[in-house]
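*Asks:* For the sequence shown, the residue numbers in full-length UniProt numbering are 1 to 330. Cβ coordinates follow ideal geometry from the N, Cα and C atoms, glycine included. Take a look at this one; I'll ask things after.
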Amino acid sequence: MNPRIPSPRLFLALILGWALLSGRAHAQDPPNPAPPPPTVGVSSAPMSSPDVTRTTIVILVVIIVSGSFGGLVMGFDSDRRNRISLPFFKRGTVELGFVGDMLIGAAASIAIQFVAEPLFSTSPGNYSMNTVRDYVRTASLGVISGFAGFRVLSSMADIPERLIRANRAQVADQLQSQDRSRELLRQVEELLKQIDEEIPTDPATATADLKRAEQAIDQVIAGAPKDARVLVVKAKVLCRKAKLATNGAAGAWWDEAIKTLTEAIALDSTYDRTFYNRACYLILAKKSVDDAMKDLAQAVVLFPPNARFANEDPDFKSVQALPAFRKIVG
């Protein structure tokens with residue numbers, strides 16, 4: 001059984017507690033006695049530059065070492081490999097492993113210590129570095145800084161990866177939704193063909209099937225309300241409702257079908273079926289023949305085989321002898 005590594009939070013709590021106790025003890029120390037009056041011939045100048053430089057170096061070393069330790073401990077529960085790219089290196093990348101954790105901790109410790117100097121009084125002038133407590137307090141703050149820096153930098157490094165994962169999941173959901181929509185559209189198209197066969201002989205069954213088709217196409221529209229191809233199928237459903245309508249209700253359904261195709265054209269004016277089907281519905285609804293011919297002409301421009309389809313389409317039977325129609329289909 002492998003020994004369990006203590007959580008970095010335990011290390012952080014212990015070190016933070018020690019730093020706070022050490023800082024409190026430091027604050028409660030009796031003030032240093034007043035310096036004796038200057039004696040003739042004896043200089044009362046402050047600490048010399050070499051002493052300040054030596055103290056600064058000692059503090060910097062303690063901060064770097066303790067910050068490295070903090071980064072190392074924080075990396076215990078991380079599977080980061082800390083890859084870096086080196087263009088001049090043969091393999092292109094190098095995995096630093098725990099050394100990368102230590103470098104992160106050291107760099108963060110230095111940065112945070114300088115930012116926190118007014119709060120923790122870490123400047124060389126405020127430290128004699130002559131007692132164990134001074135070293136321990138500085139080291140404690142360094143470890144805490146290494147902990148915090150590792151956590152912040154690791155979180156920032158993970159942001160692009162999390163965004164990529166979220167984007168992939170979103171794309172996968174969209175593709176899955178598109179697949180479902182395409183399958184529903186295919187089923188509706190098949191059902192409409194069946195309804196066309198049922199309308200002359202079994203209007204009741206055709207009406208029931210048409211209700212199912214309408215529910216399916218409304219479900220697709222809910223997911224893709226601005227898809228011209230979906231609206232074309234919706235207009236086909238409305239066309240069948242017009243054919244099954246009684247008591248003079250057909251006109252309202254034809255108007256709704258034509259309106260739906262007009263919306264589809266506004267979304268995609270390059271889709272030939274929107275113009276072709278609107279031309280059909282204008283003729284079947286006994287609307288403007290001129291408008292129908294304009295739509296048919298545009299459908300042929302977008303997709304020339306529509307001329308042959310229109311010449312054989314029974315929906316255009318009432319206008320096939322017109323010169324305008326013959327001019328379009330050739």
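1. By the three-class DSSP mapping on this structure, what secondary structure does N311 have?
2. Could you tell me if V237 is buried or exposed, where buried requires 16 or more neighbouring beta carbons within 10 angstroms of its beta carbon?
3. Quick check: the Cα distance between T246 and A266, rounded to an integer number of angstroms?
4. Determine the burial state of Q298: buried for a count of at least 16 other Cβ atoms within 10 Å of its Cβ, exposed for fewer.
5. What is the residue span of the alpha helix (DSSP H) that A204 lies within?
6. Would a C-beta distance cut-off of 7 Å place I195 and R240 closer than the cut-off?
7. For A321, does the three-state DSSP call read helix, strand or coil?
8. Going by DSSP in three states, G251 sits in which element: helix, strand or coil?
9. How many Å lie between L261 and A279 at the Cα?
10. With a Cβ-Cβ cutoff of 7 Å, do V289 and I328 count as a contact?
11. Could you check how far apart the C-beta atoms of I217 and V233 are, in whole angstroms? I think they sit under 8 Å.
12. Taking the alpha-carbon positions, what's the residue 364 to L302 distance?
13. State the DSSP-derived secondary structure class of R226, mapped to helix, strand or coil.
14. Quick check on L210: buried or exposed, where buried means 16 or more other Cβ atoms within 10 Å of its Cβ?
15. What do you reckon, are the CB atoms on D272 and A228 nearer than 7 Å?
16. Exposed or buried, D202, counting other C-beta atoms within 10 Å across all chains shown (16 or more means buried)?
17. Would you kindly report the start and end of the unbroken alpha helix (DSSP H) that includes I283?
18. At the level of alpha carbons, what is the spacing between A307 and T270?
19. By DSSP, does I199 sit in helix, in strand, or in coil?
20. Tell me where the alpha helix (DSSP H) around A297 begins and ends.
21. Take the Cβ of S181 as the centre, count every other Cβ of all protein chains shown within 10 Å, and call the residue buried at 16 or more, exposed below.
22. Classify A235: buried if its beta carbon has 16 or more other beta carbons within 10 angstroms, exposed otherwise.
23. Just to confirm before moving on: does the CB-CB distance between L231 and A252 stay below 7 Å?
24. Which word fits A222, buried or exposed, when buried means at least 16 other C-beta atoms lie within 10 angstroms of its C-beta?
25. Between the Cα of W254 and those of A285, Y276 and K226, spot the shortest distance and give me the residue it belongs to.
26. Which of the three DSSP states, helix, strand or coil, is assigned to A25?
27. Less than 7 Å between C-beta atoms, sequence neighbours within five positions excluded: which residues of the same chain meet that for D291?
28. Rounded to the nearest angstrom, what separates T274 and A321 at their Cα positions?
*Replies:* Well, looking at it:
1. helix
2. buried
3. Near 31 Å, if we compare the C-alpha coordinates of A266 and T246.
4. buried
5. P203 to G223
6. yes
7. In the structure shown, A321 adopts coil according to DSSP, grouped into three states.
8. helix
9. 10 Å
10. no
11. 6 Å
12. Given that the chain is displayed from residue 1 to residue 330, the structure contains no residue 364 and the question cannot be resolved.
13. This sequence places Lys at residue 226; Arg is not what is there. Here K226 sits in coil by DSSP.
14. buried
15. no
16. exposed
17. D272 to L284
18. 17 Å
19. coil
20. V289 to L302
21. buried
22. buried
23. no
24. exposed
25. A285
26. Only weak support exists for where A25 lies, its pLDDT of 46 falling under 50; the value from the coordinates is given anyway. A25: helix per DSSP, three-state reduction.
27. L282
28. Going by the C-alpha atoms only, they are around 23 Å apart.
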